[in-house]
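Its first residue numbered 43, the sequence shown is counted upward by one per residue in our numbering. The beta carbon of each residue, even a glycine, is placed where N, CA and C say it ideally should be. Here the structure is a predicted model, which is why all the values come from computation and not from measurement. What follows is a short report on a single structure.
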Amino acid sequence: MILSFEAIQANPLPNISNEDTGYIRVIKARAGKIVAALGLSDSSLFYKVRDIVAGQYYALNAVYTERDEKLKQLKNQPDSLKKGIQQEIDDKITHLHTAYLGRLATVISPEQIDQIKDGMTYSVLEVTFHAYVKMLPQLTDEQKGVILEDLIEAREHAMDAESSEKKHAWFGKYKGRINNYLSSQGIQQKK
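Take a look at the structure:
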């Protein structure tokens with residue numbers, strides 16, 4: 043039973059039917075691992091944050107499932123209709139993203155929110171940033187700042203992606219942007 047977008051907005055982790063309990067267990071476990079990295083000593087806060095994170099996974103899944111169902115119905119229709127559906131979904135994802143960060147901000151610090159974002163994206167931002175710095179020790183602070191800004195932007199998109207593959211694809215896109223920037227700065231990267 044996938045709920046409507048409006049129902050999910052009202053209650054991101056609703057009481058669900060029995061057929062969804064396996065999925066809920068999976069996302070609660072995933073969210074629990076992410077939140078555990080915060081080292082929260084208050085168990086009620088831990089569960090509150092875990093449920094916010096799990097609720098975001100649930101809400102994203104519902105939106106992507108809705109998209110897939112609509113696109114299936116438009117299988118033989120013009121691409122312009124499909125693009126309209128994708129724009130509608132993108133708008134919903136943007137709204138979910140903003141609401142999610144707002145809910146997190148009511149219970150944890152900005153630094154902890156960043157840790158949650160890193161957990162949702164497999165810490166690719168940190169790993170990639172350190173790889174650039176190690177590979178290119180001649181980078182100026184300004185260049186490092188540009189790289190970090192791009193990776194932060196990539197993380198914002200990646201945390202809403204529907205799969206690990208698509209999360210990594212966001213970082214791949216931004217690595218291309220970073221590499222173009224570095225080339226424009228006259229920096230040749232090692233193979």
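Check, Outcome
"Note down, one range per segment and in chain order, each alpha helix (DSSP H) of at least 4 residues found wholly within the region 106-184.", "121-147, 152-162, 166-177"
"Taking the alpha helix (DSSP H) that E207 belongs to, which residues open and close that run?", "206-226"
"Would you tell me roughly how many angstroms separate the C-alpha atoms of L178 and Q231, rounded to the nearest one?", "7 Å"
"Looking at the unbroken alpha helix (DSSP H) that takes in I69, where does it start and where does it end?", "63-78"
"Measure the alpha-carbon distance for A104 versus E204 and round it to whole angstroms.", "10 Å"
"With a cut-off of 8 Å, do at least 3 Cβ pairs link the region 94-103 to the region 143-162?", "yes"
"Mind checking A196: buried by the 16 CB within 10 Å criterion, or exposed?", "buried"
"Using CA coordinates, which residue listed in D160, K117, R109 is at the minimum distance from I127?", "R109"
"So, helix, strand or coil for A196, using DSSP?", "helix"
"In whole angstroms, what separates the C-alpha of A79 from that of Y223?", "33 Å"
"Leaving out the 5 sequence neighbours to the left and right, which residues in its chain are closer than 8 Å to I135 when beta-carbon positions are compared?", "L102, V105, D202"
"Relative to the alpha-carbon of I94, which residue among E153, G81, I76 has its alpha-carbon at the smallest distance?", "I76"
"Return the CA-CA distance between Q227 and R219, expressed in angstroms with no decimal places.", "13 Å"
"Are the beta-carbon atoms of I229 and Q157 separated by less than 9 Å?", "no"
"By Cβ distance, which residues of its chain are closer than 7 Å to T163, with the 5 residues on each side in sequence left out?", "R197, A200, M201, K209"
"Here's the rule: buried if 16 or more other CB atoms are within 10 angstroms of the residue's CB, otherwise exposed. What is Y216?", "buried"
"Using only CA atoms, which one of L193, V149, N118 lies nearest to S165?", "L193"
"Measure the C-alpha to C-alpha separation of I131 and G74 and round it to an integer number of angstroms.", "27 Å"
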